[in-house]
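J.:
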Amino acid sequence: MSPAPTTRADWQALAASLVEQGLETRAYIDDAFVDAADGATLTTINPATGETLAEVASCDVADAEAAVAAARRAFEGGEWSRRAPGQRKAVLLRLAELMEAHQHELALLDTLDMGKPVGSSLGDMAGAIGCLRHHAESIDKLYGEVAPTGNDALGLVLREPLGVVASIVPWNFPLMMTAWKIAPALAAGNSVILKPSEKSPLSALRLASLAREAGLPRGVFQVLPGFGHTVGKALALSMDVDCLAFTGSTGVGKQLMQYAGQSNLKKVFLECGGKSPNLVFADCKDLDRVAEHAAGAIFHNQGEVCIAGSRLLVENSIREAFVDKVLAAAERMQPGDPLDPNSFMGAMVDQAQYERVLDYIRRGVEEGATLRSGGKALDGPGLFIPPTVFDGVTDAMAIGREEIFGPVLSVFGFDSEDEAVRLANDSDYGLAAGLWSQDIDRIMRVTRRLRSGQVFVNNWADMDQTVPFGGVKQSGNGRDKSHHSLEEYSDLKSVWMTLAP
Ligand code: NAD
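For the sequence shown, position 161 (counting from the first letter as 1) is numbered 161 according to UniProt numbering, and the numbering increases by one without interruption.
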């Protein structure tokens, strides 16, 4: 095995050798790597350089139909769906091992495809591999139930896989979001069709060959690269897909629910957008540390994070001093070459996202917020936007309400706990919230009042596989991670046996 890359030069050399060897660009359908049925391709570009990386198969309706048919055959055949959980576990653990052996290559593919720093991509690999191991290890430890009936009956509650699951994922954490979906779905015995984002398909296609090598049977795991309005929509409207497991924007999430209603009422689990509030009370300890976390909460991954702490709510008595500390922390988080392991931020994923973020920054200035740092794109090549901080934001402003999905922090002031809670909850979203205070009574009071799927107390985004991840309100209705996500990928079957006296 070649030594692990550690320097920028190592990563550049690995990138050059991967491209020279040739990247996998074909769809993976029914145990074969194939071009799209109509031969269409889409171009994937490295946003840090503007260079074309590859022409990737762009699947459409015919490819979706072929994959759904293969997934159904595999499910009915039972080679995976009826296999003993302990044996499914062995295959998934093998896949985790292969991912670990190829983690540098997989991390690099995500970095090249969507511009995130390679150190951050490596962290994602650890998360993805850990997720696979967690669900593999859980699946042979789940028991069914015996209902508390009278002596004349036996009531059993069995858990069964759903059938064909289509996982539609975004580009901001390509392989980690993929793992959060496919690991519990496969562990539970389903056939899974993965549709990666058209902006970041490369790691998913590499994963397909690792899944084959690990021994996942034919048709149990397939990958369809392509656009949402083509192959994504075809999967969502299919009469033979039993479940849509989606991570992405709230707008597309709403469309998927409509497609389910127009077709076969398939289950739809949604992990959607956010505009997460981060509440800093004057009594919190070590303002320098809190400021560092508040800046990291929004600037990590270029702000392209569903749980980005994009609304910073600060008690007015400390606001001026605290914002200065946040600005100092932001100064240390400038974007750089994603192949440099020391870069904190990388490039925006593509031209459209770059324009969208710059447009929000223009609107913030027009709406009267005070621009305290950043605000101007860096000179090219590459799509780099520095950490941008607006103070004096109100909930009437677009930058205070809408998900920007970029490195833009909106700072609000508050004078009381009630005002802080009102501002925090005044949002269509409810994915995450942060709360910094040393007062345990306040912590519990405010935590209970926050309408949010998760609350981080005196940290931002500290979590692991053991706790569920998901939102309330228009942030979605699903839960990834933990044993709760396994529940989404199985149905309950009740069996009532009448017993002779
Ligand atoms: P997106 O909604 O544009 O796309 C997500 C996926 O849906 C992509 O694969 C896309 O091709 C597909 N898609 C688009 N239109 C479709 C259609 N009509 N039918 C079927 N599929 C379709 O989102 P994005 O830009 O890729 O990702 C950013 C969004 O994802 C942000 O809103 C972010 O908050 C959200 N996100 C949420 C979580 C979470 O866990 N809650 C995690 C990561 C990202």
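Cβ coordinates follow ideal geometry from the N, Cα and C atoms, glycine included.
(1) Is the CB-CB distance between Asp60 and Thr250 below 8 Å?
(2) Let me confirm a value: Gln262 is counted as buried when at least 16 other C-beta atoms fall within 10 Å, else exposed. Which label applies?
(3) By Cβ distance, which residues of its chain are closer than 6 Å to Lys267, with the 5 residues on each side in sequence left out?
(4) Can you tell me where the alpha helix (DSSP H) with Tyr354 in it begins and where it stops?
(5) Just the C-alpha distance for Glu304 and Lys493, rounded to the nearest angstrom, thanks.
(6) Using a threshold of 8 Å, state whether the C-beta atoms of Ala260 and Ala291 are closer than that.
(7) Taking 8 Å as the cut-off, does the region 366 to 375 touch the region 340 to 357 (at least 3 CB pairs, one atom from each stretch)?
(8) So what's Phe299 in DSSP terms, helix, strand or just coil?
(9) Between the alpha carbons of Ala136 and Gln222, how many angstroms are there, rounded?
(10) Output needed for Pro5: all residues of its chain with C-beta closer than 7 Å, excluding positions within five of it in sequence on either side, in chain order.
(11) Have a look at Ala166, Leu112, Leu108 and Asp140 and flag the residue whose alpha-carbon is nearest the alpha-carbon of Ala69.
(12) Please confirm whether Phe322 and Gly478 have their CB atoms less than 8 Å apart.
(13) If we count the other Cβ atoms within 10 Å of its Cβ and call it buried at 16 or more, is Asn28 buried or exposed?
(14) Tell me which residues share the same chain as Asp426 and place their Cβ nearer than 8 Å to its Cβ, disregarding the 5 neighbours each side in the sequence.
(15) Report the residue from Ala352, Gln353 and Arg332 whose alpha carbon sits nearest the alpha carbon of Met345.
(16) Going by beta carbon distance, what residues of the same chain come within less than 8 Å of Asp462, once the five residues before and after it are set aside?
(17) Sort Leu409, Asn278 and Ala128 by Cα distance to Ser437 and report the nearest one.
(18) Taking the DSSP output, what are the residues bridged to Lys473?
(19) Where does the unbroken beta strand (DSSP E) through Ala166 begin, and where does it stop?
(20) Using 8 Å as the cut-off, can you tell me whether the region 405 to 422 makes contact with the region 64 to 82, which would need three or more C-beta pairs spanning the two stretches below that distance?
(21) Quick one: what does DSSP say Tyr28 is sitting in, helix, strand or coil?
(22) At which residues does the beta strand (DSSP E) containing Val268 begin and terminate?
(23) If you count every other CB in all the chains shown that lies within 10 Å of the CB of Tyr489, and 16 or more means buried, which is it?
(24) Using a Cβ-Cβ cut-off of 7 Å (strictly less than) and excluding sequence neighbours within five positions of Val241, which residues of its own chain qualify?
T.: On the basis of the data shown:
(1) no
(2) exposed
(3) Cys243
(4) Gln351 to Glu366
(5) 40 Å
(6) no
(7) no
(8) helix
(9) 19 Å
(10) Trp11, Leu14 and His104
(11) Ala166
(12) no
(13) According to the sequence as given, residue 28 is Tyr; it is not Asn. By the neighbour-count rule (16 or more Cβ atoms within 10 Å), Tyr28 is buried.
(14) Asp395
(15) Arg332
(16) Phe456
(17) Asn278
(18) Tyr429
(19) Val164 to Ile168
(20) no
(21) strand
(22) Lys267 to Glu271
(23) buried
(24) Val68, Val164, Ala166, Leu235 and Lys266
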